[in-house]
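Have a look at the structure below, then the notes.
Chains as they are written, first to last, in our numbering: chain S, 15 to 460; chain P, 213 to 391.
Following this line, the structure appears as structure tokens:
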């Protein structure tokens, strides 16, 4: 069993409360940073740790922080991206609802490092009960002197607020999130300028995922070098994986980066194997946006090496034979799953969530959904498969934000690895077997 | 237009508190949270007069409210039942039987997705991923997530909600039962 950092105390009774969290050593990183380190030294530790953005993009956090502009007299902001909406991802909800003070501690330490005196946690609106948990924890932190004026007598001030979203996947994109936080529609901004130069209210801003900010706590406590000892190569530290789909033990697992995929799926320590003793068919390893891989390619790379849960190993082979670690939203599909129907499900999602700003995405996502609807409902033609391929190719790379790419990749990978299933659907239409009647076929309900 | 539409004093107090969370002159940032408060106070949806009231309270133009309210999926621009059943339909929930759950609710309530029961008690809606994939299938009603659904659990929920009879909002107290 790998070590646990973020989830070391997640099952301690009462860990939601300040008293228990503090008793378990909580807020030590704030004490250490504010009393014994300069902000630059905190940034340096994060750089040394090799921590990479846990929201999906995997960009080195220390580098992102070092890009933050610091003009005199202009406020800087830290905004936590808790808009967790990538299908298959639920780790941030788990962390926030289970150990809310962990995120708050990370926010204080990180805000200090960045010189921010006002910070926001932008939480997707559907998580209103999580917002209530966070608000309560923030009140406790203010009362205990970890937030507000002159924290620990160091002269450092910080106000921390929670902001609810309104229900929009696109607000997970950092510039759309900032627009939303300013009270506008979540239309992503053209970059550059990047938020590090011009972010919230036109001021220098860092936007980081919940898990990224939480990881700053052990990095400051143990030191960046210690954190970097965990993992393999440029995939350092631990990662929260949200495991779902046809597995025996869905849930959030904290793994050392580097665990073999096969072990993650079949070990009782993690997913516990495929539900109902069925065979593994495919995995979407990093949230709905990353390429789907068939069983053989998710377990082994094209070179026959064991596929590992790292940024590098999951992307080994590029999009031809690999995928991405993404947000760690690990969706497992058994042999009964119709890849075509699942793709229609994804396509509908991206069409629903496209903000409508760029025409390739606005029109393309709807078009792909329609073509897939046609195929799934038994009216498809062989040329529709090529049309789908052509559509995704024309969306990818031609939009302001990555939602276009995110909509294109699942389509491209499904056709690349499962073209025969599309052809079968076109030939046989309605009669294709799938998981549609899950409850009946699995005898789960009366 | 209803002329005397007003927020309750305690809601107004809350709105002022929310507005104080942003820097001087940036109170438009309060729009999303205030729309949630407005929806909870005025029967679960945002009519044009309610949106105009929000604009007035925040000293912004009505159009700035309309364009935001129409962008986000949680704001209802039409009346909804007291209990809005939002069933997740995206991948992981679909893999674990979300379609069956939707059909079961349709059969139980005698309505189709998107419709409201004649007594105004339930509206059935399918929504995109709610971040509850490990406890699929699931639905949200008010602030509460109902997870690992089975037909029996759905039947129990519907019966409980009927008995309770109250409107569910995102601000309801939640019993956290997950994990």
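Heads up, the beta-carbon is just placed ideally off N, CA and C, and yes, glycines get one too.
Closer than 9 angstroms by beta-carbon distance: list the chain S residues that pair up with residue i, in chain order.
{"i": "residue 302 of chain P", "result": "101, 102, 302, 359, 360, 362 and 363"}
{"i": "residue 284 of chain P", "result": "139, 179, 180, 181, 182, 185, 194, 199 and 200"}
{"i": "residue 260 of chain P", "result": "Going along chain S, no residue has its Cβ under 9 angstroms from residue 260 of chain P, so there is no contact; the nearest lies around 18 angstroms."}
{"i": "residue 248 of chain P", "result": "139, 142, 178 and 180"}
Helix, strand or coil: which one does DSSP assign to residue i?
{"i": "residue 353 of chain P", "result": "strand"}
{"i": "residue 300 of chain P", "result": "strand"}
{"i": "residue 15 of chain S", "result": "Caution applies to residue 15 of chain S, whose pLDDT of 49 falls short of 50 and renders its modelled position unreliable; the value that the coordinates give is listed next. Here residue 15 of chain S sits in coil by DSSP."}
{"i": "residue 355 of chain S", "result": "helix"}
{"i": "residue 249 of chain S", "result": "strand"}
{"i": "residue 391 of chain P", "result": "Because residue 391 of chain P carries a pLDDT of 41, less than 50, the predicted location of this residue cannot be relied on, and no value is offered for it."}
{"i": "residue 314 of chain S", "result": "strand"}
{"i": "residue 334 of chain P", "result": "strand"}
{"i": "residue 96 of chain S", "result": "strand"}
{"i": "residue 103 of chain S", "result": "coil"}
{"i": "residue 20 of chain S", "result": "coil"}
{"i": "residue 71 of chain S", "result": "coil"}
{"i": "residue 82 of chain S", "result": "coil"}
{"i": "residue 377 of chain P", "result": "coil"}
{"i": "residue 325 of chain S", "result": "helix"}
{"i": "residue 199 of chain S", "result": "coil"}
{"i": "residue 185 of chain S", "result": "helix"}
{"i": "residue 258 of chain S", "result": "strand"}
{"i": "residue 324 of chain P", "result": "coil"}
{"i": "residue 466 of chain S", "result": "The question about residue 466 of chain S has no answer, for chain S in this structure spans 15 to 460."}
{"i": "residue 210 of chain P", "result": "Residue 210 of chain P lies beyond the range of chain P shown here (213 to 391); nothing can be said about it."}
{"i": "residue 265 of chain P", "result": "helix"}
{"i": "residue 165 of chain S", "result": "strand"}
Who are the near neighbours of residue i in its chain, counting only those whose CB is closer than 8 angstroms to its CB and skipping five residues on each side?
{"i": "residue 401 of chain S", "result": "385"}
{"i": "residue 214 of chain S", "result": "91, 93, 134, 192, 195 and 196"}
Residues of chain S with CB closer than 8 angstroms to the CB of residue i, please, in chain order.
{"i": "residue 344 of chain P", "result": "104 and 107"}
{"i": "residue 238 of chain P", "result": "196 and 215"}
{"i": "residue 242 of chain P", "result": "197"}
{"i": "residue 295 of chain P", "result": "Going along chain S, no residue has its Cβ under 8 angstroms from residue 295 of chain P, so there is no contact; the nearest lies around 16 angstroms."}
{"i": "residue 267 of chain P", "result": "Those within 8 angstroms of residue 267 of chain P in chain S number zero; the least Cβ separation is about 11 angstroms."}
The beta strand (DSSP E) with residue i in it runs from where to where?
{"i": "residue 343 of chain S", "result": "343-348"}
{"i": "residue 156 of chain S", "result": "Looking at the DSSP string, residue 156 of chain S is not in any beta strand (DSSP E); the run it does join, the alpha helix (DSSP H), is 142-157."}
{"i": "residue 178 of chain S", "result": "170-178"}
{"i": "residue 135 of chain S", "result": "132-137"}
{"i": "residue 397 of chain S", "result": "Run containing residue 397 of chain S: none in the beta strand (DSSP E); it sits in the alpha helix (DSSP H), 396-409."}
{"i": "residue 386 of chain S", "result": "It is not in any beta strand (DSSP E) - residue 386 of chain S instead sits in the alpha helix (DSSP H) that spans 373-390."}
{"i": "residue 299 of chain S", "result": "Counting along the chain, residue 299 of chain S falls outside any beta strand (DSSP E), and DSSP gives it neither H nor E."}
In the DSSP assignment, find the unbroken alpha helix (DSSP H) run with residue i in it and report its ends.
{"i": "residue 278 of chain S", "result": "275-280"}
{"i": "residue 41 of chain S", "result": "No alpha helix (DSSP H) holds residue 41 of chain S; DSSP gives it neither H nor E."}
{"i": "residue 241 of chain P", "result": "Where residue 241 of chain P is concerned, there is no enclosing alpha helix (DSSP H), given that its DSSP letter is neither H nor E."}
{"i": "residue 268 of chain S", "result": "Unbroken run through residue 268 of chain S is the beta strand (DSSP E), 265-270; no alpha helix (DSSP H)."}
{"i": "residue 235 of chain S", "result": "224-236"}
{"i": "residue 60 of chain S", "result": "53-63"}
{"i": "residue 127 of chain S", "result": "114-128"}
{"i": "residue 228 of chain P", "result": "221-231"}
{"i": "residue 335 of chain S", "result": "332-335"}
{"i": "residue 88 of chain S", "result": "First-last for residue 88 of chain S: undefined, no H or E at that position."}
{"i": "residue 421 of chain S", "result": "417-442"}
Since residue i meets chain P, which of its residues come closer than 7 angstroms, beta carbon to beta carbon?
{"i": "residue 175 of chain S", "result": "233"}
{"i": "residue 241 of chain S", "result": "Simply none; closest approach about 26 angstroms."}
Short of 7 angstroms in beta carbon distance, which residues of its chain neighbour residue i, apart from the five on each side in sequence? Order them along the chain.
{"i": "residue 213 of chain P", "result": "Residue placement at residue 213 of chain P is poorly supported in this model, since its pLDDT is 49, which falls under 50; the coordinates are not used for a value here."}
{"i": "residue 391 of chain P", "result": "With a pLDDT of 41 at residue 391 of chain P, under the threshold of 50, the modelled position of this residue cannot be trusted; read the value that follows with caution. Result list for residue 391 of chain P: empty, nothing under 7 angstroms."}
{"i": "residue 380 of chain S", "result": "365"}
{"i": "residue 15 of chain S", "result": "With a pLDDT of 49 at residue 15 of chain S, under the threshold of 50, the predicted position of this residue should be treated as unreliable, though the coordinate-derived value follows. Excluding sequence neighbours, residue 15 of chain S sits near 283."}
{"i": "residue 220 of chain P", "result": "253"}
{"i": "residue 287 of chain P", "result": "247, 251, 258 and 281"}
{"i": "residue 374 of chain P", "result": "333"}
{"i": "residue 34 of chain S", "result": "26 and 28"}
Residue i versus chain P: which residues are under 9 angstroms apart at the beta carbon?
{"i": "residue 257 of chain S", "result": "345 and 346"}
Given that residue i touches chain P, what residues does it touch there, using C-beta distances under 8 angstroms?
{"i": "residue 351 of chain S", "result": "307"}
{"i": "residue 356 of chain S", "result": "303, 306 and 307"}
{"i": "residue 345 of chain S", "result": "303, 304, 307 and 345"}
So which residues of chain S does residue i contact, with C-beta pairs closer than 7 angstroms?
{"i": "residue 352 of chain P", "result": "140"}
For residue i, which residues in the same chain have their Cβ closer than 6 angstroms to its Cβ, ignoring the five residues on either side in sequence?
{"i": "residue 427 of chain S", "result": "305 and 306"}
{"i": "residue 166 of chain S", "result": "48"}
{"i": "residue 74 of chain S", "result": "66"}
{"i": "residue 380 of chain P", "result": "295, 353 and 354"}
{"i": "residue 127 of chain S", "result": "53, 56 and 57"}
Measure how close the beta-carbons of residue i and residue j come, nearest whole angstrom, since I'm counting them as under 8 angstroms.
{"i": "residue 137 of chain S", "j": "residue 179 of chain S", "result": "7 angstroms"}
{"i": "residue 256 of chain S", "j": "residue 237 of chain P", "result": "With a Cβ gap of about 39 angstroms, residue 256 of chain S and residue 237 of chain P do not count as contacting."}
{"i": "residue 218 of chain S", "j": "residue 211 of chain S", "result": "6 angstroms"}
Looking at chain A, is there any beta carbon in it that lies within less than 8 angstroms of the beta carbon of residue i?
{"i": "residue 255 of chain P", "result": "Note that chain A does not occur in the displayed structure, where the protein chains are S and P."}
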